[in-house]
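Asker:
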Amino acid sequence: MPARRELARGDYLSILGTRVLRTEDPKFLTTGGVYTDDVVDDRLAGACHVFFVRSPLAHATVSGIDVSAALEAPGVIAAFTGADLADLPAIPPSAAGLINTEMTQRLLATDKVRYVGEPVAVVVTELAYQGEDALELVAVDYDPLPAALGFDPGDSSLLFEAAGTNVAGYWGDPASLRPDLFEGCETVVSHTIVNQRVAPAPMETRAAAAVWGADGRLTTWIPNQGAQGTRDDLVKLLSLEPGQVRVITPDVGGAFGAKFGADPEHAVVAWVARRVGRPARWSETRYENLIGMTHGRAQQHTVTIGGSRDGNIQAYRLEIVQDAGAYPKIGAVLPMLTILMTTGPYDIPSAEAIAKVVVTNTTPIGAYRGAGRPEATAAIERAIDLFAAEIGVDPADVRRKNLLPKFTEPHRTKFGALYDTGDYVAALDAALEAAGYAELRAEQAARRASGDVRQLGIGVSSYVEITGMGDGEGTPPSENATVEVFADGTATILTGTSPHGQGHATAWAMLASEELGIPVEKITLQWGDTDLIPEGGGTGGSRSLQQGGAAVQQASRELIEIARERAAAELEANPADLVYDTSRSAFAVAGDPEASVPLTKLAEGERLLVRTVFSQPGATFPFGTHVAVAEVDIETGKPTLTRMITVDDAGTILNPLLAEGQRHGGIGQGAAQAFLEEVVYDDDGNPLTTSFADYPIISATEVPSYELAEMQTPTSYNPLGAKGIGEAGSIGSTPAVQNAIVDAVAHLGVRHIDMPATSRRVWEALRAARQGSEHR
Amino acid sequence: MTRIELTVNGDKRSDEVEPRLLLVHYLRETCGLRAANVGCDTTSCGACTVLLDGRSVKSCTVLAVQAAGQDVVTSEGLSADGELHPVQAAFRLNHGLQCGFCTPGMVMAAVGLLAENPHPTEEEVRAGLEGNLCRCTGYHNIIRAVLAAADTQAEVQA
Numbered sequence: 034m035p036a037r038r039e040l041a042r043g044d045y046l047s048i049l050g051t052r053v054l055r056t057e058d059p060k061f062l063t064t065g066g067v068y069t070d071d072v073v074d075d076r077l078a079g080a081c082h083v084f085f086v087r088s089p090l091a092h093a094t095v096s097g098i099d100v101s102a103a104l105e106a107p108g109v110i111a112a113f114t115g116a117d118l119a120d121l122p123a124i125p126p127s128a129a130g131l132i133n134t135e136m137t138q139r140l141l142a143t144d145k146v147r148y149v150g151e152p153v154a155v156v157v158t159e160l161a162y163q164g165e166d167a168l169e170l171v172a173v174d175y176d177p178l179p180a181a182l183g184f185d186p187g188d189s190s191l192l193f194e195a196a197g198t199n200v201a202g203y204w205g206d207p208a209s210l211r212p213d214l215f216e217g218c219e220t221v222v223s224h225t226i227v228n229q230r231v232a233p234a235p236m237e238t239r240a241a242a243a244v245w246g247a248d249g250r251l252t253t254w255i256p257n258q259g260a261q262g263t264r265d266d267l268v269k270l271l272s273l274e275p276g277q278v279r280v281i282t283p284d285v286g287g288a289f290g291a292k293f294g295a296d297p298e299h300a301v302v303a304w305v306a307r308r309v310g311r312p313a314r315w316s317e318t319r320y321e322n323l324i325g326m327t328h329g330r331a332q333q334h335t336v337t338i339g340g341s342r343d344g345n346i347q348a349y350r351l352e353i354v355q356d357a358g359a360y361p362k363i364g365a366v367l368p369m370l371t372i373l374m375t376t377g378p379y380d381i382p383s384a385e386a387i388a389k390v391v392v393t394n395t396t397p398i399g400a401y402r403g404a405g406r407p408e409a410t411a412a413i414e415r416a417i418d419l420f421a422a423e424i425g426v427d428p429a430d431v432r433r434k435n436l437l438p439k440f441t442e443p444h445r446t447k448f449g450a451l452y453d454t455g456d457y458v459a460a461l462d463a464a465l466e467a468a469g470y471a472e473l474r475a476e477q478a479a480r481r482a483s484g485d486v487r488q489l490g491i492g493v494s495s496y497v498e499i500t501g502m503g504d505g506e507g508t509p510p511s512e513n514a515t516v517e518v519f520a521d522g523t524a525t526i527l528t529g530t531s532p533h534g535q536g537h538a539t540a541w542a543m544l545a546s547e548e549l550g551i552p553v554e555k556i557t558l559q560w561g562d563t564d565l566i567p568e569g570g571g572t573g574g575s576r577s578l579q580q581g582g583a584a585v586q587q588a589s590r591e592l593i594e595i596a597r598e599r600a601a602a603e604l605e606a607n608p609a610d611l612v613y614d615t616s617r618s619a620f621a622v623a624g625d626p627e628a629s630v631p632l633t634k635l636a637e638g639e640r641l642l643v644r645t646v647f648s649q650p651g652a653t654f655p656f657g658t659h660v661a662v663a664e665v666d667i668e669t670g671k672p673t674l675t676r677m678i679t680v681d682d683a684g685t686i687l688n689p690l691l692a693e694g695q696r697h698g699g700i701g702q703g704a705a706q707a708f709l710e711e712v713v714y715d716d717d718g719n720p721l722t723t724s725f726a727d728y729p730i731i732s733a734t735e736v737p738s739y740e741l742a743e744m745q746t747p748t749s750y751n752p753l754g755a756k757g758i759g760e761a762g763s764i765g766s767t768p769a770v771q772n773a774i775v776d777a778v779a780h781l782g783v784r785h786i787d788m789p790a791t792s793r794r795v796w797e798a799l800r801a802a803r804q805g806s807e808h809r
Numbered sequence: 070m071t072r073i074e075l076t077v078n079g080d081k082r083s084d085e086v087e088p089r090l091l092l093v094h095y096l097r098e099t100c101g102l103r104a105a106n107v108g109c110d111t112t113s114c115g116a117c118t119v120l121l122d123g124r125s126v127k128s129c130t131v132l133a134v135q136a137a138g139q140d141v142v143t144s145e146g147l148s149a150d151g152e153l154h155p156v157q158a159a160f161r162l163n164h165g166l167q168c169g170f171c172t173p174g175m176v177m178a179a180v181g182l183l184a185e186n187p188h189p190t191e192e193e194v195r196a197g198l199e200g201n202l203c204r205c206t207g208y209h210n211i212i213r214a215v216l217a218a219a220d221t222q223a224e225v226q227a
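Chains as they are written, first to last, in our numbering: chain A, 34 to 809; chain B, 70 to 227.
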């Protein structure tokens, strides 16, 4: 399959692979997106405002809640506690059964609070300002308990007494680890590495608007990544019938994995609306967002890597501890993905991985851009650099020596992943060449020789990741699309994906335009209304184009076939003799272009529409290599990221403008984890990063412009040749930047610096190295 | 309640407001101009940036009463007749926006920056926009958009 279709039929130039500007932009740039807090709708007239009273303590029993003073405050309509919601079921943990079933959550905490920020009560007011005032009047009696924190929280202070342990579960059997795994290795290096807790921090915080109709149905507007999954969550959380809930997704101001499904707060807002008998709205503050929205990562890795002194890696072990936070949500399950991707793009003869999941008195962990895969990449990419440093071989050479050779037939790894295609060495070499790797090493050597205050570090990270997963190999990943053409020459697409910045309105229109010949500007995309589109998998796991986009193409092609039958009747011709000319959106009889009928005419009577489902054989595995260049001031420890060069092979690119945007965003977010961002708690479980003044979210001054090198290896799993691109940037960049910062000071005796490699951490590592106690 | 008179996007207005009402809430709730967004509690994110007498300010940190007698411009009022302002056009040409939440504030901050420094270097653009956070773009295309807008001809990089 060619990397890109340059020409299609006749003189019509293919739109695929071109830099089509986003059709959604004019609105965003002028009147702005309509986010949940912006929604003006008659059904929401007279809405009350919901405010959450949140626990100020990490761990405590709740002996009483008194809302009487709050009820007396101006504008307060009602106040509710967990007791009012007692008839609703407890929320089970993710993967209940594999994860301890006793670790359940209530929509509002009742007997106990388990993290700072856990909702314990709500105050409902006429005006938003009044709620902020009234919140402080709710008196909760807390009896503090010791906080269980960190990767080894122990069992002395149990979050869930009924569970009898703070271990939520295991992925893999610790007893299965082979004591002889590293036998025969000339060199073995082991290190414990923290993949720290970070905040997704979408610019739009969480919100909801909810109203119940006279028919007993709930309509709720929620910023989310998939209306259908959000609806299903609400049905469970509120014990409703599936047909009772309509979720509408307004514009969504970023999500990054943290807006999948419905959170307890979304359910409570809906419950309040029914209870008080009027519409209800909620919009959280950034403070609430940083303690209430799920966090990401929070894994500890003990890596052990062994091989020959000339750089052949023979064995690798990854022991994971996942801090799931106070309630085991999807974060408790993500180590499965980390294990699946343990060896990444490398061919390692012996490898094993296990994970232990613990609960702690912190905000629950959810999916965050990459979700399980960045952790696997970070672990092995640090391990390889540790191994390379130990044997004194260039880390790029160690990678090249151990990467899987190019393959075109699917490759099954020891951990069960089925990689669709791969050319990892080519990606590595392309990135090194674009970076000018040899010159960089020469510059580094010169600075080392001269004792420059600003030392240079070069970090390399090769990755492969998994995108577009289904629910296991028995159920192929799929998505639906509906395409309808109207007599006025416009078309509408309904999709089960859920864009929140990715540009589906433009990209899906390009795919339909290519088949139908209707201009992109005349094609409208609709998503995120469960009454309009009852089924859909939403947007996450970098699945949208390869399944949702492919479904749009398939629906458009099927529509042409339906139209062909109608055209044949219209022209009194054999359908097989008709040619569809996209340049004028008309069918013509082959050899007689005068005998033609436009597509619009065929939509005048019966509706011209197709709904279809596209399925692909399995997940796809994009890959690439990132090279980071960092300067470190060895007097202050301050790291500066000066260059980021990346190869991200996501198969055939539909719209380079959009694909590059996804890469840029991922690179920036991944780099931020390497040297800036971390959610920090004190020893009592108090969060210390509860605003953007304290949480060092990345800004424009902390990153360079990025240098993107191109590589496209199409997948055969969908006709677009497309793999996922949404998360790759954040998977490759984190270890590249971390490796670069360590590399800058490696000659001074530093072997490892945990993330975020801040000025202070770098300075401490340098001091420790100088003091002779090698920092490793 | 206090009466304020001011100009918003060229329209003269006179409104009764609570003294503690923030300018961003005045714009969103009283004027119905919802492009400016609230993204934080600490004047850190800049999603609410508007022009006040030609200078960019974070409207979450200005009281509506402080804007009395002044000229407020939001991203709704930046362009006329449905045409994009050159900065808005440059953001579109360079794909300087994804989810759009930071965008109205980012555009207004860029307009304010270019008013003060019409021909900034990349470093000056980055420093000038440090107070405007974006979680989607990694800033790359935002910087390119502002540099392109600084040149009169904003063009998509080949």
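Every residue, glycine too, gets a C-beta built ideally from N, C-alpha and C.
Every value quoted in this text rests on a predicted model; they were computed, and no experiment measured them.
Hey, is the region 767 to 781 of chain A in contact with the region 475 to 491 of chain A, meaning 3+ C-beta pairs nearer than 8 Å?
Answerer: In short, these stretches touch, since the Cβ pair count reaches three.
Asker: Less than 8 Å between the beta carbons of residue 545(A) and residue 57(A), yes or no?
Answerer: As a working note, residue 545(A) is residue 512 in the first sequence. As a working note, residue 57(A) is residue 24 in the first sequence. It is not a contact, given that the beta carbons lie outside the stated cut-off.
Asker: Any residues in the region 226 to 242 of chain A with a beta carbon nearer than 7 Å to a beta carbon of chain B? Which ones, in chain order?
Answerer: The residues in question are 234, 235, 236 and 237.
Asker: Tell me the rounded alpha-carbon separation between residue 557(A) and residue 525(A).
Answerer: In the first sequence, counting from the first residue as 1, residue 557(A) sits at position 524. In the first sequence, counting from the first residue as 1, residue 525(A) sits at position 492. In a straight line, the C-alpha of residue 557(A) is about 5 Å away from that of residue 525(A).
Asker: Under a CB-based cut-off of 8 Å, is residue 770(A) close to chain B?
Answerer: In the first sequence, residue 770(A) corresponds to position 737, counting from 1. No, its Cβ sits nowhere closer than 8 Å to a Cβ of chain B.
Asker: Please report whether the beta-carbon of residue 733(A) lies at a distance below 8 Å from any beta-carbon of chain B.
Answerer: On the first sequence, residue 733(A) is found 700 positions in, with the first residue counted as 1. So yes, residue 733(A) belongs to the interface.
Asker: Verify the CB distance criterion: does residue 150(B) have a CB-CB separation below 8 Å to chain A?
Answerer: For the purposes of this step, residue 150(B) is taken as the residue at position 81 of the second sequence. No, its Cβ sits nowhere closer than 8 Å to a Cβ of chain A.
Asker: Would you kindly work out how many angstroms separate the C-alpha atoms of residue 292(A) and residue 322(A), rounded to a whole number?
Answerer: On the first sequence, position 259 is the one that residue 292(A) refers to. On the first sequence, position 289 is the one that residue 322(A) refers to. Near 12 Å, if we compare the C-alpha coordinates of residue 322(A) and residue 292(A).
Asker: Using the three-state DSSP reduction, which class does residue 619(A) fall into: helix, strand or coil?
Answerer: Here the question's residue 619(A) lines up with position 586 in the first sequence. In this structure, residue 619(A) counts as strand in the three-state DSSP scheme.
Asker: Taking residue 394(A) as the reference, which of 265(A), 717(A) and 799(A) has the closest Cα?
Answerer: Here residue 394(A) refers to the residue found at position 361 of the first sequence. Comparing Cα positions, the closest option is 717(A).
Asker: Here's the rule I'm using: 16 or more other beta-carbon atoms within 10 Å means buried, otherwise exposed. How should residue 310(A) be labelled?
Answerer: Taking the first sequence and counting its residues from 1, one reaches residue 310(A) at position 277. Exposed, since its Cβ has fewer than 16 Cβ neighbours within 10 Å.
Asker: Exposed or buried, which one is residue 702(A) when buried takes at least 16 other CB atoms within 10 Å?
Answerer: Taking the first residue of the first sequence as 1, we reach residue 702(A) at position 669. Residue 702(A) should be labelled buried.
Asker: Can you tell me whether residue 214(B) is helix, strand or coil according to DSSP?
Answerer: In the second sequence, counting from the first residue as 1, residue 214(B) sits at position 145. Here residue 214(B) sits in helix by DSSP.
Asker: Could you please give me the residues that DSSP links to residue 333(A) through a beta bridge?
Answerer: Within the first sequence, numbered from 1, the residue matching residue 333(A) stands at position 300. Note: residue 333(A) sits in a beta bridge opposite 227(A) and 354(A).
Asker: Is the number of C-beta pairs between the region 117 to 129 of chain A and the region 68 to 84 of chain A that are closer than 8 Å three or more?
Answerer: The answer is no - the region 68 to 84 of chain A does not touch the region 117 to 129 of chain A, with fewer than three Cβ pairs under 8 Å.
Asker: Taking DSSP as the reference, what is the three-state secondary structure of residue 466(A)?
Answerer: Walking along the first sequence from the start, residue 466(A) turns up at place 433. It is helical.
Asker: In chain order, what residues of the same chain have a beta carbon less than 7 Å from the beta carbon of residue 786(A), not counting five sequence neighbours either side?
Answerer: Start at 1 with the first residue of the first sequence, and residue 786(A) comes out as number 753. Result list for residue 786(A): 774, 775, 794, 795 and 798, in chain order.
Asker: At the 8 Å Cβ level, is residue 15(A) part of the contact set with chain B, yes or no?
Answerer: In the structure as shown, chain A starts at 34 and stops at 809, and residue 15(A) therefore has no counterpart that could be examined.
Asker: Does the beta-carbon distance from residue 149(A) to residue 91(A) come in below 8 Å?
Answerer: Locating residue 149(A) in the first sequence gives position 116, where the first residue counts as 1. Locating residue 91(A) in the first sequence gives position 58, where the first residue counts as 1. A contact, by the Cβ cut-off of 8 Å.
Asker: Once the 5 residues before and after residue 243(A) are set aside, which same chain residues still bring their CB inside 6 Å of it?
Answerer: Position 210 of the first sequence, counting from 1, holds the residue named residue 243(A). Result list for residue 243(A): 253, 302, 303, 306 and 313, in chain order.
Asker: So, does the CB of residue 110(B) fall closer than 8 Å to a CB anywhere in chain A?
Answerer: Locating residue 110(B) in the second sequence gives position 41, counting from the first residue. Answer yes: the Cβ-Cβ gap between residue 110(B) and chain A drops below 8 Å somewhere.
Asker: Can you tell which of 221(A), 389(A), 474(A) and 495(A) has the C-alpha that lies nearest to the C-alpha of residue 434(A)?
Answerer: Along the first sequence, one-based indexing puts residue 434(A) at 401. The option with the nearest alpha carbon to residue 434(A) is 495(A).
Asker: List the endpoints of the continuous beta strand (DSSP E) containing residue 659(A).
Answerer: Residue mapping note: residue 659(A) aligns to position 626 of the first sequence, counting from 1. Residue 659(A) -> beta strand (DSSP E) spans 656 to 666.
Asker: Residues of chain D with a CB under 7 Å from the CB of residue 177(A): which are they?
Answerer: The chain labelled as chain D is not found among the protein chains of the depicted structure, namely A and B.
Asker: Are the C-beta atoms of residue 79(B) and some chain A residue less than 8 Å apart?
Answerer: Along the second sequence, read from residue 1 onward, the residue named residue 79(B) stands at position 10. No - not a single Cβ of chain A is within 8 Å of the one on residue 79(B).
Asker: Counting along the chain, where does the beta strand (DSSP E) carrying residue 677(A) start and finish?
Answerer: For the purposes of this step, residue 677(A) is identified with residue 644 of the first sequence, where counting begins at 1. Per DSSP, residue 677(A) belongs to the beta strand (DSSP E) from 672 to 682.
Asker: Between the Cα of residue 237(A) and those of 117(B), 102(B), 86(B) and 91(B), spot the shortest distance and give me the residue it belongs to.
Answerer: Translated into the one-based positions of the first sequence, residue 237(A) becomes position 204. Closest by alpha carbon: 117(B).
Asker: Would you please verify whether the beta carbon of residue 285(A) is less than 8 Å from any beta carbon of chain B?
Answerer: Taking the first sequence and counting its residues from 1, the one referred to as residue 285(A) is at position 252. Yes, its Cβ sits closer than 8 Å to a Cβ of chain B.
Asker: What residue ranges within the region 179 to 244 of chain A form continuous beta strand (DSSP E) runs of no fewer than 3 residues, ordered along the chain?
Answerer: Listed in chain order, the complete beta strand (DSSP E) runs (minimum 3 residues) inside the region 179 to 244 of chain A are 200 to 204 and 220 to 231.
Asker: Tell me which same chain residues have a C-beta within less than 6 Å of the C-beta of residue 633(A), skipping the five on either side of it?
Answerer: Residue 633(A) sits at position 600 when you count from the first residue of the first sequence. If we look at residue 633(A) and ignore the five residues flanking it on each side, its Cβ neighbours are 520 and 522.
Asker: Relative to the alpha-carbon of residue 51(A), which residue among 542(A), 251(A), 801(A) and 416(A) has its alpha-carbon at the smallest distance?
Answerer: Counting from 1 along the first sequence, the entry for residue 51(A) is found at position 18. Of the listed residues, the one whose Cα sits closest to residue 51(A) is 542(A).
Asker: Which same chain residues, not among the five before or five after residue 179(B), have their C-beta less than 6 Å away from its C-beta?
Answerer: Numbered from 1 along the second sequence, position 110 holds the residue referred to as residue 179(B). Excluding sequence neighbours, residue 179(B) sits near 156 and 215.
Asker: Which residue from 81(A), 48(A), 758(A) and 194(A) puts its Cα closest to that of residue 500(A)?
Answerer: The count along the first sequence starts at 1 and reaches residue 500(A) at position 467. Considering only alpha carbons, the answer is 758(A).
Asker: In chain order, what residues of the same chain have a beta carbon less than 7 Å from the beta carbon of residue 715(A), not counting five sequence neighbours either side?
Answerer: Along the first sequence, read from residue 1 onward, the residue named residue 715(A) stands at position 682. Correct list, in chain order: 721.
Asker: Evaluate contact between the region 123 to 142 of chain B and the region 83 to 94 of chain B, counting only Cβ atoms and requiring at least three cross-stretch pairs below 8 Å.
Answerer: Because the criterion of three Cβ pairs below 8 Å is met, the region 123 to 142 of chain B and the region 83 to 94 of chain B touch.
Asker: Does the Cβ-Cβ distance between residue 657(A) and residue 765(A) come in under 8 Å?
Answerer: Counting from 1 along the first sequence, the entry for residue 657(A) is found at position 624. Counting from 1 along the first sequence, the entry for residue 765(A) is found at position 732. Cβ distance < 8 Å, so residue 657(A) and residue 765(A) count as in contact.
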